[in-house]
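Residues 3 to 301 in the working numbering are what the sequence shown spells out, letter by letter.
Yeah, the Cβ is synthetic: ideal placement off N, Cα and C, and Gly gets one too.
Just below is one structure, and these are the notes that go with it.
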Amino acid sequence: MTPKTSALGRGLDGSSALTIGVFDGVHRGHQALLAAARASGLPTTALTFDPHPAALLSPGRTPKLLGTLPERREQLKSYGADTVQVIAFDHAFAALTPDAFIEHLLRPLNPGCIVVGEDFRFGCERRGDVETLRAAGLEVTVLPGVFVDGVPARSTVIRQMLVGGQVTEAARLLGRPYTLSGEVVHGRKLGRTIGYPTANLSSDTRLLVPAPGVYAGMATLPDGRAVRAAISIGTNPTITENGPLTVEAFLLDGFDEDLYEQKLALAFVHFLRGTVKFDGLAPLLAQMARDVARTEQLI
3 MTPKTSALGR GLDGSSALTI GVFDGVHRGH QALLAAARAS GLPTTALTFD PHPAALLSPG
63 RTPKLLGTLP ERREQLKSYG ADTVQVIAFD HAFAALTPDA FIEHLLRPLN PGCIVVGEDF
123 RFGCERRGDV ETLRAAGLEV TVLPGVFVDG VPARSTVIRQ MLVGGQVTEA ARLLGRPYTL
183 SGEVVHGRKL GRTIGYPTAN LSSDTRLLVP APGVYAGMAT LPDGRAVRAA ISIGTNPTIT
243 ENGPLTVEAF LLDGFDEDLY EQKLALAFVH FLRGTVKFDG LAPLLAQMAR DVARTEQLI
């Protein structure tokens, strides 16, 4: 193939299809970019950034993340990326002009084509756009936004849904249930004394925790097994006043194994109810039994 040339210099040998973004959550919009890159017939490279640009450029407005960086890598590959390259988003990188971004980052990757969304911006102060890429002699495929039942598949929209407990709606935009992972830590062990031993999840503080309430979901164990779970997020108001927010999962199907200091992933499938302060343990236990029964019915 004839190398593409540009005013900035080197030609391209067309060795990869490149898609670029933060890809937080790897939702249906991101999946469409990966699918289009794969359709080119070239090996697909996903170029992502860490930390989230807002953490550097606007620390007070940094969004909670929809997954860890290792999870993002895994999801990008599962949806079609042959290679995932992570760029450290630091002050030096943020200061790159659009031309420098192209010359020092994109050209060494030898893209035969670049696949981005219609709102793609890059370089210092987001001055670069699709036309900047094309003016540099790069082949660019631009995809329109993805809508699911009229709702845009965007990370910001998914976050809004999750903080409102709308996990079913968020799953439609993600293409899968939202999952929160972390390490199982020791809690007050009250659950064992009342017949509902729970796994207490400690997750990265940068990750988004859905709205307080009770959810029906699935727990993925370190060995890959999946077990149904009734998940509670809240401060346990029946037990204590002004307690810390906790994420606890009661694993169903007869599960009774030690998970302390092991990794657990909780997928939120259905919102069951909001947090309630009960008048003692008896009504709390009765409601927990109903929550478990509902989980068994729904999952």
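Item to check | Whole-angstrom C-beta distance between V117 and A19, which should lie under 8 Å | outcome: Beta-carbon to beta-carbon, A19 and V117 are separated by about 6 Å, close enough to satisfy the 8 Å threshold.
Checklist entry - For R74, is the classification buried or exposed, using 16 other Cβ atoms within 10 angstroms of its Cβ as the cut-off for buried? => result The C-beta of R74 has 16 or more other C-beta atoms within 10 Å across all chains shown, which makes the residue buried.
Checklist entry - Can you name the start and end residues of the alpha helix (DSSP H) that T46 belongs to? => result Bounds of any alpha helix (DSSP H) do not take in T46; it lies within the beta strand (DSSP E) bounded by 46–52.
Checklist entry - Secondary structure at S234, three-state DSSP: helix, strand or coil? => result DSSP, reduced to helix, strand and coil, places S234 within a strand of the structure shown.
Next on the checklist: With the cut-off set at 9 Å, would you say V132 and V142 are in Cβ contact?
Outcome noted: Yes, they are a contact pair.
Item to check | From K279, R178, I241, V186, residue whose alpha carbon lies closest to that of V271 | outcome: If we check each option's Cα against that of V271, R178 comes out closest.
Checklist entry - Shortest alpha-carbon distance to T222 belongs to which of I241, G215, Q264, T242? => result When each option's Cα is compared against that of T222, the closest is Q264.
Checklist entry - Between I235, P55, R230, which lies nearest to F124 when the distance is taken from Cα to Cα? => result The shortest CA-to-CA distance from F124 to any of I235, P55, R230 is the one to P55.
Checklist entry - What are the start and end residues of each continuous alpha helix (DSSP H) run of 4 or more residues lying completely inside the region 66–94, in chain order? => result With a minimum length of 4 residues, the unbroken runs of alpha helix (DSSP H) contained wholly in the region 66–94 fall at 71–80.
Checklist entry - Under the rule that 16 or more other beta-carbon atoms within 10 Å means buried, what is M3, buried or exposed? => result Residue confidence for M3 is low, a pLDDT of 29 falling below 50, so the modelled location carries little weight; the figure read from the coordinates is stated next. By the neighbour-count rule (16 or more Cβ atoms within 10 Å), M3 is not buried but exposed.
Checklist entry - Should V28 go down as buried or exposed, given a rule of 16 or more other Cβ atoms within 10 Å for buried? => result Flag for V28 reads buried.
Item to check | Ranges of the alpha helix (DSSP H) found wholly within the region 266–300, counting only runs of at least 4 | outcome: Runs of the alpha helix (DSSP H) inside the region 266–300: 283–300.
Item to check | Enclosing beta strand (DSSP E) for F103 [first to last residue] | outcome: Note, F103: premise wrong, no beta strand (DSSP E); alpha helix (DSSP H) at 100–103.
Checklist entry - Between the C-alpha atoms of F103 and S183, what's the straight-line distance to the nearest angstrom? => result Straight-line Cα distance between these residues: approximately 34 Å.
Next on the checklist: Check whether the region 251–263 and the region 214–231 touch, using three or more Cβ-Cβ pairs below 8 Å as the test.
Outcome noted: At 8 Å Cβ cutoff, the stretches touch.
Checklist entry - Expressed to the nearest angstrom, what Euclidean distance is found between the alpha-carbon atoms of P199 and S42? => result Here the alpha carbon of P199 sits roughly 51 Å from the alpha carbon of S42.
Checklist entry - Any chance the region 150–157 sits against the region 44–53, with 3 or more Cβ pairs inside 8 Å? => result Segments in contact, no.
Checklist entry - Whole-angstrom Cβ separation of V249 and V211, contact assumed at under 8 Å? => result That pair is a contact at about 6 Å.
Next on the checklist: Tell me the rounded alpha-carbon separation between P246 and E171.
Outcome noted: One C-alpha to the other measures close to 27 Å.
Checklist entry - In whole angstroms, what is the alpha-carbon distance linking N238 and P214? => result Straight-line Cα distance between these residues: approximately 10 Å.
Checklist entry - What number of angstroms, rounded off, separates the C-alpha of D101 from the C-alpha of Q87? => result Each residue's alpha carbon lies about 20 Å from the other.
Checklist entry - So Y217 and L164 are in contact, right, with Cβ under 8 Å, and what is the actual spacing, rounded? => result Going by Cβ atoms, the distance from Y217 to L164 rounds to 11 Å, so no, they are not a contact pair.
Checklist entry - Which two residues bound the contiguous beta strand (DSSP E) that contains A56? => result Careful: A56 lies outside any beta strand (DSSP E), inside the alpha helix (DSSP H) at 55–59.
Checklist entry - In whole angstroms, what separates the C-alpha of G352 from that of L203? => result The structure shown has nothing for residue 352, since the chain only spans 3 to 301.
Checklist entry - How long is the line joining the alpha carbons of S157 and A38, rounded to whole angstroms? => result The straight-line gap separating the alpha-carbon atoms of S157 and A38 is approximately 20 Å.
Checklist entry - Mind pulling the beta strand (DSSP E) runs of 3 or more residues that sit fully within the region 197–234? => result Those beta strand (DSSP E) runs which fall completely within the region 197–234 and span 3+ residues are 201–204, 215–222.
Item to check | Distance CB(L261)-CB(P224) smaller than 9 Å | outcome: In this structure, P224 lies closer than 9 Å to L261 by Cβ.
Next on the checklist: I need the boundaries of the alpha helix (DSSP H) containing V157, first residue and last residue.
Outcome noted: It is worth fixing the name first, because residue 157 is Ser in this sequence and not Val. Per DSSP, S157 is one residue of the alpha helix (DSSP H) stretching across 157–165.
Item to check | Euclidean distance between Cα positions of V278 and V24 | outcome: V278 and V24: Cα-Cα distance of roughly 37 Å.
Checklist entry - Can the beta-carbon of D92 be found closer than 9 Å to that of L58? => result Contact annotation: D92 and L58 have beta-carbon atoms nearer than 9 Å.
Next on the checklist: Tell me the rounded alpha-carbon separation between L145 and S80.
Outcome noted: Pairing L145 with S80, the inter-Cα distance amounts to about 20 Å.
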